[in-house]
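Visitor:
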Amino acid sequence: KQLMFGINRRRLEAALWFLAAPVVFFREAAFGGAFFHHEAWMHSFATRAWWFEQLKNGHFALWSSGMFAGYPLFAESQTAPLYPTTFALFTLLPPTLAFAWDVILHFAWAGFGLYRLARLLGTRHTSALFAGTMYAYSAFLVTHLSDFNLLAGAAWMPWIVWGTLGALRGRKAHAVVLAIGWTLLSLAPHPNGTIFAAIAMLFTLVTAALGGGYGLRGYLRALYATGAGLLAGAIQTVATFSLLRETERSAGTNEAFRSLGSLPPWNLLHGALPNLQGTPRLDTWYGGLDWTLYAETCFYFGVSAIPCVCVGLFFLRGRVPLALATGAALSFAIMIGRYGLAWEAVSALPLLDATRIPGRFALPFLLCIAILAGRGIDATVRRRSRRALAVAGAITIALVLLAIGAQANWGTPGEALRAASSEGSALANDWEARLARWENEQTLDRLHAIVFACAGIGILALFTYIRYAVPLRYAPIAILSLDLILWGRSWNPVIDPALLADSPPAIEALEPLDHAPRFARRDIDEIRSLRPARDRVDPLTPGWDVRDHAREKSKPGPRNENEYATAAWSLSPNVTLLYGAESAEGFTPLIPAAWREWVGLPAAIPGVPMPAYTGRMIDLLGVDAVLSSRTGAPLPGGLFLARNRNPMPRARLSVRWRSEQNRANLLGALHAGDHDPRAITFVDRAPALPGAPSFQGPPFAGATDRALPLTIPGPNKRLVEVDRSGLVVLAETYDPGWRVTDPAGETVDALQADGLFLAFPAGAPGTYEAQYRPAWFHRGLMLSGAGLLLLVLRFVLPARPPRPPKHEPAAFKDAALIGAAPHPPRFESASLAPVGVALLLLLASGGVVKQRDWAEAWRARTIDHAAAASWSENGLASLRAGAHAPALQALE
Numbered sequence: 010k011q012l013m014f015g016i017n018r019r020r021l022e023a024a025l026w027f028l029a030a031p032v033v034f035f036r037e038a039a040f041g042g043a044f045f046h047h048e049a050w051m052h053s054f055a056t057r058a059w060w061f062e063q064l065k066n067g068h069f070a071l072w073s074s075g076m077f078a079g080y081p082l083f084a085e086s087q088t089a090p091l092y093p094t095t096f097a098l099f100t101l102l103p104p105t106l107a108f109a110w111d112v113i114l115h116f117a118w119a120g121f122g123l124y125r126l127a128r129l130l131g132t133r134h135t136s137a138l139f140a141g142t143m144y145a146y147s148a149f150l151v152t153h154l155s156d157f158n159l160l161a162g163a164a165w166m167p168w169i170v171w172g173t174l175g176a177l178r179g180r181k182a183h184a185v186v187l188a189i190g191w192t193l194l195s196l197a198p199h200p201n202g203t204i205f206a207a208i209a210m211l212f213t214l215v216t217a218a219l220g221g222g223y224g225l226r227g228y229l230r231a232l233y234a235t236g237a238g239l240l241a242g243a244i245q246t247v248a249t250f251s252l253l254r255e256t257e258r259s260a261g262t263n264e265a266f267r268s269l270g271s272l273p274p275w276n277l278l279h280g281a282l283p284n285l286q287g288t289p290r291l292d293t294w295y296g297g298l299d300w301t302l303y304a305e306t307c308f309y310f311g312v313s314a315i316p317c318v319c320v321g322l323f324f325l326r327g328r329v330p331l332a333l334a335t336g337a338a339l340s341f342a343i344m345i346g347r348y349g350l351a352w353e354a355v356s357a358l359p360l361l362d363a364t365r366i367p368g369r370f371a372l373p374f375l376l377c378i379a380i381l382a383g384r385g386i387d388a389t390v391r392r393r394s395r396r397a398l399a400v401a402g403a404i405t406i407a408l409v410l411l412a413i414g415a416q417a418n419w420g421t422p423g424e425a426l427r428a429a430s431s432e433g434s435a436l437a438n439d440w441e442a443r444l445a446r447w448e449n450e451q452t453l454d455r456l457h458a459i460v461f462a463c464a465g466i467g468i469l470a471l472f473t474y475i476r477y478a479v480p481l482r483y484a485p486i487a488i489l490s491l492d493l494i495l496w497g498r499s500w501n502p503v504i505d506p507a508l509l510a511d512s513p514p515a516i517e518a519l520e521p522l523d524h525a526p527r528f529a530r531r532d533i534d535e536i537r538s539l540r541p542a543r544d545r546v547d548p549l550t551p552g553w554d555v556r557d558h559a560r561e562k563s564k565p566g567p568r569n570e571n572e573y574a575t576a577a578w579s580l581s582p583n584v585t586l587l588y589g590a591e592s593a594e595g596f597t598p599l600i601p602a603a604w605r606e607w608v609g610l611p612a613a614i615p616g617v618p619m620p621a622y623t624g625r626m627i628d629l630l631g632v633d634a635v636l637s638s639r640t641g642a643p644l645p646g647g648l649f650l651a652r653n654r655n656p657m658p659r660a661r662l663s664v665r666w667r668s669e670q671n672r673a674n675l676l677g678a679l680h681a682g683d684h685d686p687r688a689i690t691f692v693d694r695a696p697a698l699p700g701a702p703s704f705q706g707p708p709f710a711g712a713t714d715r716a717l718p719l720t721i722p723g724p725n726k727r728l729v730e731v732d733r734s735g736l737v738v739l740a741e742t743y744d745p746g747w748r749v750t751d752p753a754g755e756t757v758d759a760l761q762a763d764g765l766f767l768a769f770p771a772g773a774p775g776t777y778e779a780q781y782r783p784a785w786f787h788r789g790l791m792l793s794g795a796g797l798l799l800l801v802l803r804f805v806l807p808a809r810p811p812r813p814p815k816h817e818p819a820a821f822k823d824a825a826l827i828g829a830a831p832h833p834p835r836f837e838s839a840s841l842a843p844v845g846v847a848l849l850l851l852l853a854s855g856g857v858v859k860q861r862d863w864a865e866a867w868r869a870r871t872i873d874h875a876a877a878a879s880w881s882e883n884g885l886a887s888l889r890a891g892a893h894a895p896a897l898q899a900l901e
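Remember, our numbering sits 9 above the position in the sequence shown when you count from 1.
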């Protein structure tokens, strides 16, 4: 080993490269800009910024009134406030800069982890650098920056495999990293990221068992580290599973939801031409109903890397490459989702039945492919096989030509579209300009694919025909980096942080209140509901700029999304947390079933619900103002604000109530047309209040809305001043974690009022305290303490050194690649047979069983189909807005 100041020089070189690369890749965000992706901004950023603001004020927030009129935000796993880098960065830096560097560090950690894993499996230093770069800047990670917890799972997955292999060999440092990895995956859990890491570890253990050479102690060591690590992170996972039980996800999901994000098999061509059907980044995507289909099914890893992968598969000899090829093949079989049979079997397993997007199995697929690419470079340098080069070059060129041909087939407008686009209408003129721009972008995409495919083949040709020279050893990394940077450099838009800091007009328009204002949204032309290929600002594109509103209003047709200075103007769920306001809804995959039932939404709802609130709902929720695209006082951006002049008080006293234990009957009575919430309160059970009044005779107005003084010392506590006996109702969502005490300190029974809200009986005047102290927090805290104790006992305190394995396992000593054998074995095509046959059978069976799905999906990929869908959506949107002339024009 070459050491410099006691540090391994090559590891230091790799660490510096993987730290510098994301700083260059995300340079605007690294030096003061703010990432502005729709989901990242609404979900990860807004909730974390709010949580750490509470922490700076001395509050460890378990509850937030800013979502769903009350929500256990700590239990929502993707907030992840205890994740170490998140905790440190958000505590020390401004929120926008903290989020940016959290992302940057995880890109660095992902690349360095894949580098260490590739080195452990026998790959050369520069080839491992190539593999790490390919993995870290593949399309999967670049397009999933918005989903930070999934990014964390992707960053830790190589380390989980690395730690497992080392723990099997008795290496203490590896076992420690394995335990830490599982702890941190528990503190920032994501269903896909955590499950993929578990599958990768299980696959590693099975492969190692089949290879032999490890004793039982090695497996027990790996399992101990995993169990202790998971236990140490229980403070978050126990909370998340408790919340999960209160949502529809706990009962699993239907097949349509689970298969959302299936990879069409022909999208393999996206590996050579990622923008085969346009890209949301440039507002040219026409390959499906939503831009998310692009992001969830894009696995581009650089066309320049395809020849390296082909060479790695050509020399498929030994347990390591065969295991990698098998893992890649199985992952791809699952990635195609509804187009095959593998996903139907896999999604029936526990935990997986509550997840979706099979295309996300691109993550383990890319891990295997990246290491195979690194081994392909090694094989080229050592073997210098002209046959392997010829096969790799032919496959790469064939894929590029097929992709270009498919693009010409899908992306050439038909005569009907050309004729319609020349009619002179505003919509037709827009499409004429759009088609011209798309043709230019397609030309650039094809040129990119051809140039970098030739560059990838050319560098392998140099290694084959010319002796390996030191100056050329970094050439593949440079070519791949340029390839991926040119493709993904603007995928994640960056804006001025001041645009996020300024309060939206809706909040500024409200007069000062004695509490945080609560908003509801009704009839909003939400950007996420817009279909592709429309005149819109896509959530994934850097188009949230301040525009000339007078000029925009002169255009016919719907224009709401084009007038927002920032998307905050529409008060998207969760973003109100950034401005000291609250929302009656929220953005999360874990939507409480009680809230969903109460607002009348069906079980299958998106992550951004928009219920059709009634006037009674608005009043009961304590909503101060309603934002819409239709009625109210006009605001900038085509929005309107209606002030609610008489909402229910945030804390009120009810002297008339009726208990109803059957929830269906209770909701039916609440939603009945003649129900007056100010006359009577429904509770889920009779309150334990001596001499409590009950409902007798017809209700009378004003029996349930007497305002009480309410003090909010922090997010987890409410203090209510009561001057007479009755039922106290808060405009705060009920949760079993609420604990109520009377002025004497005695516990009072917490009830659910009007199907959603926290209530409690008050038998005597005084100050009542409602505090959110859920059992899951104390349970998780104790389990985490036990896990940390187990880690200290096993890995910190001195112990006797482990016994070395009896012989070097084949998984670490691959004679076919490292050249340990005096006569390396020849390539045997039969070694490809198990992988190829299994994959072909899965695809063939899927093609027969899912023939209709394949045909419909194929037809839906054309630009003509996208145009028809777009014009129909424009017409319907205009019709809903009352613009009948543009609607008729578009529909004709």
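No residue lacks a Cβ here, since even glycine has one placed at the ideal position from N, Cα and C.
What ranges does the beta strand (DSSP E) occupy inside the segment 110-136, keeping only unbroken runs of at least 3 residues that lie completely in it?
Guide: Listed in chain order, nothing qualifies, since the segment 110-136 has no complete beta strand (DSSP E) run of 3 or more residues.
Visitor: With respect to the alpha helix (DSSP H) encompassing residue 233, which residues constitute its N-terminal and C-terminal limits?
Guide: For the purposes of this step, residue 233 is identified with residue 224 of the sequence shown, where counting begins at 1. Per DSSP, residue 233 belongs to the alpha helix (DSSP H) from 225-241.
Visitor: Buried or exposed: which applies to residue 328, given that a residue is buried once 16 or more other Cβ atoms fall within 10 Å of its Cβ?
Guide: In the sequence shown, counting from the first residue as 1, residue 328 sits at position 319. Flag for residue 328 reads buried.
Visitor: Could you round the C-beta distance between residue 474 and residue 135 to whole angstroms and report it? I think they count as a contact, below 8 Å.
Guide: Position 465 of the sequence shown, counting from 1, holds the residue named residue 474. Position 126 of the sequence shown, counting from 1, holds the residue named residue 135. Incorrect: roughly 19 Å between the Cβ atoms, too far for contact.
Visitor: Taking the C-alpha atoms as reference points, what is the distance between residue 195 and residue 139?
Guide: The residue you call residue 195 lines up with position 186 of the sequence shown. The residue you call residue 139 lines up with position 130 of the sequence shown. Whole-angstrom Cα-Cα distance: 30 Å.
Visitor: Run through DSSP, which three-state label would residue 630 get?
Guide: Translated into the one-based positions of the sequence shown, residue 630 becomes position 621. Residue 630 falls in the coil class under three-state DSSP.
Visitor: What are the partner residues of residue 528, as DSSP defines its beta bridges?
Guide: Numbered from 1 along the sequence shown, position 519 holds the residue referred to as residue 528. Paired residue(s): 592 and 634.
Visitor: Considering just the uninterrupted stretch of the alpha helix (DSSP H) at residue 793, what are its terminal residues?
Guide: Within the sequence shown, numbered from 1, the residue matching residue 793 stands at position 784. Taken as a continuous stretch (DSSP letters only), the alpha helix (DSSP H) holding residue 793 covers 784-800.
Visitor: Does the beta-carbon distance from residue 657 to residue 732 come in below 8 Å?
Guide: Translated into positions along the sequence shown, residue 657 becomes position 648. Translated into positions along the sequence shown, residue 732 becomes position 723. Cβ distance not < 8 Å, so residue 657 and residue 732 don't count as in contact.
Visitor: Can you tell me the Cβ-Cβ gap for residue 192 and residue 241, rounded? I've got them flagged as a contact below 8 Å.
Guide: Numbered from its first residue, the sequence shown carries residue 192 at position 183. Numbered from its first residue, the sequence shown carries residue 241 at position 232. That belief holds up - the Cβ atoms of residue 192 and residue 241 are roughly 4 Å apart, short of 8 Å.
Visitor: On the criterion of 16 or more Cβ atoms from any shown chain inside 10 Å, does residue 279 qualify as buried, or is it exposed?
Guide: Working through the sequence shown from its first residue, we reach residue 279 at position 270. Residue environment analysis places residue 279 among the buried positions, since at least 16 neighbouring C-beta atoms fall within 10 angstroms of its C-beta.
Visitor: Does the separation of the CB atoms of residue 132 and residue 380 fall below 8 Å?
Guide: Counted from its first residue, the sequence shown places residue 132 at position 123. Counted from its first residue, the sequence shown places residue 380 at position 371. Cβ distance < 8 Å, so residue 132 and residue 380 count as in contact.
Visitor: Curious, which full-length alpha helix (DSSP H) runs of at least 4 residues does the segment 438-516 contain?
Guide: Runs of the alpha helix (DSSP H) inside the segment 438-516: 484-497 and 506-510.
Visitor: What does a CB cutoff of less than 6 Å around residue 235 pick up in its chain, not counting 5 residues either side in sequence?
Guide: For this step, residue 235 is matched to residue 226 along the sequence shown. Once the five neighbours on either side are set aside, the close Cβ partners of residue 235 are 191.
Visitor: Who are the Cβ neighbours of residue 631 in its own chain at under 8 Å, not counting the five residues just before and after it?
Guide: Position 622 of the sequence shown, counted from the start, is the residue given in the question as residue 631. The residues are 78, 527, 656, 657, 658, 659 and 740.
Visitor: Would you kindly check if the distance between the Cβ of residue 202 and the Cβ of residue 162 is under 8 Å?
Guide: As a working note, residue 162 is residue 153 in the sequence shown. As a working note, residue 202 is residue 193 in the sequence shown. For residue 162 and residue 202, yes; Cβs fall inside 8 Å.
Visitor: On the three-state DSSP scale, how would you describe residue 57?
Guide: Looking up residue 57 in the sequence shown gives position 48. Reduced to three states, the DSSP call for residue 57 is helix.
Visitor: Helix or strand or just coil, what does DSSP make of residue 315?
Guide: Here the question's residue 315 lines up with position 306 in the sequence shown. Under the three-state reduction of DSSP, residue 315 is assigned to helix.
Visitor: If I follow the unbroken beta strand (DSSP E) through residue 749, where does it start and stop?
Guide: Indexing the sequence shown from 1 puts residue 749 at position 740. Here the beta strand (DSSP E) through residue 749 covers 747-750.
Visitor: Please report the distance separating the alpha-carbon of residue 533 from that of residue 584.
Guide: The count along the sequence shown starts at 1 and reaches residue 533 at position 524. The count along the sequence shown starts at 1 and reaches residue 584 at position 575. Spanning the two alpha carbons is a distance of roughly 15 Å.
Visitor: Does DSSP put residue 777 in a helix, a strand or coil?
Guide: Taking the sequence shown and counting its residues from 1, one reaches residue 777 at position 768. Secondary structure at residue 777: strand, using DSSP grouped into helix, strand and coil.
Visitor: Is residue 159 near residue 199, with beta carbons less than 8 Å apart?
Guide: Translated into the one-based positions of the sequence shown, residue 159 becomes position 150. Translated into the one-based positions of the sequence shown, residue 199 becomes position 190. Yes, these two residues count as a Cβ contact at 8 Å.
Visitor: Could you check the C-alpha separation between residue 369 and residue 499 for me, to the nearest Å?
Guide: Within the sequence shown, numbered from 1, the residue matching residue 369 stands at position 360. Within the sequence shown, numbered from 1, the residue matching residue 499 stands at position 490. Their Cα atoms are separated by approximately 22 Å.
Visitor: Leaving aside the five residues before and after residue 780 along the sequence, list all residues of the same chain whose C-beta is less than 7 Å from its C-beta, in chain order.
Guide: One-based indexing of the sequence shown puts residue 780 at position 771. Cβ neighbours of residue 780 beyond the five flanking positions: 725, 726 and 748.
Visitor: Give the straight-line distance between the Cα atoms of residue 354 and residue 208, rounded to the nearest whole angstrom.
Guide: Translated into the one-based positions of the sequence shown, residue 354 becomes position 345. Translated into the one-based positions of the sequence shown, residue 208 becomes position 199. Going by the C-alpha atoms only, they are around 15 Å apart.
Visitor: Could you check what DSSP says for residue 26 in three-state terms: helix, strand or coil?
Guide: One-based indexing of the sequence shown puts residue 26 at position 17. Residue 26: helix per DSSP, three-state reduction.
Visitor: Decide if residue 359 is buried, meaning its Cβ has at least 16 other Cβ atoms within 10 Å, or exposed.
Guide: Numbered from its first residue, the sequence shown carries residue 359 at position 350. So residue 359 counts as exposed.
Visitor: For a minimum of 3 consecutive residues, which ranges assigned as the beta strand (DSSP E) are wholly contained in the segment 649-691?
Guide: You should have 660-663 and 666-668.
Visitor: Per DSSP, residue 738 forms a beta bridge with which residues?
Guide: Along the sequence shown, read from residue 1 onward, the residue named residue 738 stands at position 729. 661 and 768.
Visitor: Count the other C-beta atoms from every protein chain shown that fall within 10 angstroms of the C-beta of residue 650, then say buried if there are 16 or more, exposed otherwise.
Guide: Here residue 650 refers to the residue found at position 641 of the sequence shown. Flag for residue 650 reads buried.
Visitor: Can you give me the Cβ contacts of residue 400 inside the same chain, cut-off strictly under 7 Å, excluding the 5 residues immediately before and after it?
Guide: Indexing the sequence shown from 1 puts residue 400 at position 391. These residues qualify, in order along the chain: 319 and 323.
Visitor: If you scan the segment 142-188 from start to end, which runs of the alpha helix (DSSP H) of 4 or more residues do you find wholly inside it?
Guide: 148-152 and 157-177
Visitor: Could you tell me whether the segment 27-46 touches the segment 672-689, using the rule of 3 or more Cβ pairs below 8 Å?
Guide: no
Visitor: With burial defined as no fewer than 16 other Cβ atoms inside 10 Å of the residue's Cβ, what is the status of residue 23: buried or exposed?
Guide: Position 14 of the sequence shown, counting from 1, holds the residue named residue 23. Per the 10 Å Cβ criterion, buried.
Visitor: What does the alpha-carbon distance come out to for the pair residue 259 and residue 123?
Guide: Numbered from 1 along the sequence shown, position 250 holds the residue referred to as residue 259. Numbered from 1 along the sequence shown, position 114 holds the residue referred to as residue 123. Each residue's Cα considered, the two are about 33 Å apart.
Visitor: Which residue from 109, 786 and 51 puts its Cα closest to that of residue 71?
Guide: By one-based count along the sequence shown, residue 71 stands at place 62. Of the candidates 109, 786 and 51, the one whose C-alpha sits nearest the C-alpha of residue 71 is 786.
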